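What follows is a set of notes on a single structure, which appears directly below.
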């Protein structure tokens with residue numbers, strides 16, 4: 021589906037997978053054989069995921085056919101690329117398992133706090149970083165097949181700036197409202213105030229690397245588009261060692277918070293190494309333009325941060341934060357004020373990325389799917 025630039029079914033498929041799991045979990049609540057129903061829910065979700073993708077493939081003109089085409093050169097090339105990619109995915113999962121193991125030897129509840137904070141911080145990464153990377157991937161592949169470095173450089177440069185333009189203010193919101201976010205999402209039941217504070221602290225450290233986590237999926241796909249799965253895997257292996265080493269060093273001093281610190285450090289290292297390695301395929305990423313965008317966006321983010329802090333304090337002065345709705349209101353009011361301040365400041369600075377953002381919103385609201393240049397398509401398809 022991605023090769024045909026069709027992302028709707030691709031995006032819906034994981035929802036069906038989760039619906040299957042949720043359905044199995046709900047049935048398990050009314051059955052004595054609880055665990056098996058959850059397992060069957062996973063199987064059902066996976067089948068729904070596959071069937072929806074097959075519908076899209078058939079609609080695109082493809083037909084399933086049984087056969088063993090190992091003699092085909094393209095199939096052999098695919099298996100050659102698949103090996104390092106599978107290893108890279110395994111490294112990610114093993115890294116998570118090791119982090120969980122480290123958390124398990126700390127105070128009671130550390131594993132849950134780590135996973136909860138990690139799940140919260142990954143939301144903007146998935147919504148922005150992964151979404152942009154998926155949307156621009158077909159264009160990167162086309163540019164690589166045509167050996168057109170100019171188009172590839174333009175796509176990577178603009179997508180990088182688009183991601184940063186959106187992720188920088190979200191980072192500020194998450195840093196300044198981290199306690200409120202954790203209280204709303206997790207601060208109920210047995211999740212007490214002490215656990216909330218620890219999770220909020222971890223969320224703050226995770227937020228420091230949101231930019232790196234959001235850019236990494238894009239940079240990895242540049243290598244994939246050029247049929248290179250080895251370099252991203254080697255970099256992932258190196259950063260996994262960095263993550264584990266610093267987690268083992270910092271957790272005795274900082275507790276479970278040290279895991280978040282090590283995670284963010286390794287994420288930044290991975291992003292920087294990928295950026296350096298990109299020079300193999302992209303001679304220039306228009307660094308001066310990127311620097312100008314960073315100055316503008318960071319300046320706007322500072323204004324947004326001041327606005328969030330002021331509105332947050334003012335809100336807390338007049339409205340007691342004793343109820344769920346009161347805390348939710350503080351997030352929306354303070355966060356909304358901060359995002360508004362960010363956009364207004366970006367507009368005042370004549371930010372190029374702000375113009376792209378507004379144009380993309382207008383296209384979606386008024387259904388004007390006008391043709392755009394290759395560099396603009398990633399933003400258009402993901403907003």
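Residue numbers (this note's numbering): 21 to 403.
C-beta atoms are modelled at their ideal positions from N, C-alpha and C, and glycine is treated no differently.
Quick caveat: nothing in here was measured; it's all calculated off a predicted structure.
Each residue's CA atom was taken as its position, placing residue 134 and residue 124 some 10 Å apart. A Cβ-Cβ distance of about 6 Å is found for the pair residue 144 and residue 187, placing them in contact under the 8 Å criterion.
Taking all protein chains in view, the Cβ of residue 215 is crowded by 16 or more other Cβ atoms within 10 Å, so the residue is classified as buried.
Inter-segment contact for the stretch 249–262 and the stretch 106–115 is present: three or more beta-carbon pairs are separated by less than 8 Å.
Exposure of residue 247 is indicated by the presence of fewer than 16 other C-beta atoms within 10 angstroms of its C-beta. Measuring C-alpha to C-alpha distances from residue 146 to each of 78, 323, 230 identifies 230 as the nearest. Annotation: the stretch 160–201 contains no complete segment of the beta strand (DSSP E) (minimum length 3 residues). Here the alpha carbons of residue 138 and residue 206 stand approximately 12 Å from one another. Put simply, the backbone Cα of residue 163 is about 19 Å away from that of residue 98. When rounded, the separation of the alpha-carbon atoms in residue 300 and residue 59 is 45 Å. Between the stretch 269–276 and the stretch 295–313, the count of C-beta pairs closer than 8 Å stays below three; the two stretches do not touch. Annotation: residue 245 to residue 157 spans about 7 Å, alpha carbon to alpha carbon. Straight across, the Cα-Cα distance linking residue 287 with residue 232 is about 6 Å. Annotation: residue 303 is outside any alpha helix (DSSP H) and is labelled neither H nor E by DSSP.
Excluding sequence positions up to five before and after residue 62, its CB lies within less than 6 Å of the CB of 41, all in the same chain and listed in chain order. For residue 280, the closest of 333, 64, 115, 67 by C-alpha to C-alpha distance is 115. Secondary structure of residue 217 (DSSP, three-state): helix. One Cα belongs to residue 283, the other to residue 292, and the distance between them is close to 14 Å.
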